[in-house]
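Residue numbers (full-length UniProt numbering): 1 to 300. Don't be surprised by glycine CBs; every beta carbon is placed ideally from N, CA and C. Comments concern the structure below.
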């Protein structure tokens, strides 16, 4: 009987050892993969001569790295978790989207319809804030984040105050005038004038922002291609990466305005945008862009 128990004990120890080994191996491989991915990117740029051919006349100090909807590659977009993750990394801004609930609360949400992220086929403006709080953002991280709720702008400002600047996109879906006024008031009440900028596809929104507080930085999101962008009273243009050309960047800079580009996730396009001297890049892959920027600075 003692021999059987001893054998059973040895077998149990062996099984536990194997399980622990598998767990540690999985963690190590996961971290190793991320590290190798970043190294591969920098090596790839080096191999193709992009870092060596980098125009040293372009200053990288001004380049802003903007985390699209927070660190949305690894966390559910526009959530407290995603915004908190953006604080952990030396990005310059966390980009967020805001709209109004049925009872006038400013919340973070990109889509007009909630179906993609919550599975519920309705819109934000049809639900009160309390109703919205019963929903959970589950996609595309259903297995890992079962309790992520839709946050308010006030919560995000409290979290990021003096820790991470915000690029706030005012969605032009419904009650836009009321939404804009509430966002401006919240910026002022939370002393965020120097900690944020506002962008929108609606020029009327941006005009209203400047009328209510001229000190707030504003940017027009150009959703289509332009040979020459419309002249509007904003501080920057936010452009789709496919529409950006060297001449367009030069023309915008000649107007004394900045150029921000979205949503740049391909490493070669990141490199291209830096070479075109844009002022900021909005990306889902902030950590990779940070590594590319560091590598380029070292190569100068």
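> What is the DSSP secondary structure of residue 220, reduced to helix, strand or coil?
Replying inline: strand
> From residue 107 to residue 101, what does the alpha carbon distance come to, in whole angstroms?
Replying inline: 7 angstroms
>> Mapping the DSSP letters down to three states, classify residue 282 as helix, strand or coil.
In response: strand
> What's the C-alpha gap between residue 199 and residue 180?
Replying inline: 11 angstroms
> Pick from 233, 241 and 247: whose alpha carbon is nearest that of residue 271?
Replying inline: 241
> Can you round the beta-carbon distance between residue 263 and residue 110 to whole angstroms, since I take them to be within the 8 angstroms contact cut?
Replying inline: Actually they are not in contact, since the Cβ atoms of residue 263 and residue 110 sit about 11 angstroms apart, beyond 8 angstroms.
> When you compare only the Cα positions, how much space is there between residue 285 and residue 197?
Replying inline: 21 angstroms
> Are the beta-carbon atoms belonging to residue 302 and residue 280 less than 7 angstroms from one another?
Replying inline: Outside the shown range of the chain (1 to 300) lies residue 302, about which nothing can therefore be said.
> Among residues of its own chain, excluding the 5 on either side of residue 78, which ones have a beta-carbon nearer than 7 angstroms to its beta-carbon?
Replying inline: 69, 70, 96, 97, 108, 109 and 110
> Is DSSP giving residue 68 helix, strand or coil here?
Replying inline: strand
> According to DSSP, which residues form a beta bridge with residue 97?
Replying inline: 169
>> Using a 10 Å radius around the Cβ and a threshold of 16 neighbouring Cβ atoms, would you call residue 66 buried or exposed?
In response: buried
> Just checking, does the stretch 112-120 make contact with the stretch 180-193 on the three C-beta pairs under 8 angstroms criterion?
Replying inline: no
>> Can you give me the C-alpha to C-alpha distance between residue 104 and residue 298, rounded to a whole angstrom?
In response: 49 angstroms
> What three-state label does DSSP hand residue 202 in the structure shown?
Replying inline: coil
>> Within 10 Å of its beta-carbon, does residue 255 have 16 or more other beta-carbons around it, so buried, or fewer, so exposed?
In response: exposed
> Sorry if obvious, but does the Cβ on residue 101 come closer than 6 angstroms to a heavy atom of the ligand SAM?
Replying inline: Ligands are entirely absent from the displayed structure, and the ligand SAM is therefore not among its contents.
> Since residue 86 and residue 138 are thought to touch, with beta carbons under 8 angstroms apart, how far apart are those beta carbons, to the nearest angstrom?
Replying inline: With 8 angstroms as the limit, residue 86 and residue 138 do not qualify as a contact, their Cβ atoms being about 21 angstroms apart.
> Near residue 136, what residues of its chain come up, given a Cβ to Cβ distance below 7 angstroms and the 5 sequence neighbours on each side ignored?
Replying inline: 118, 146, 147, 148 and 149
> Between the C-alpha atoms of residue 156 and residue 11, what's the straight-line distance to the nearest angstrom?
Replying inline: 52 angstroms
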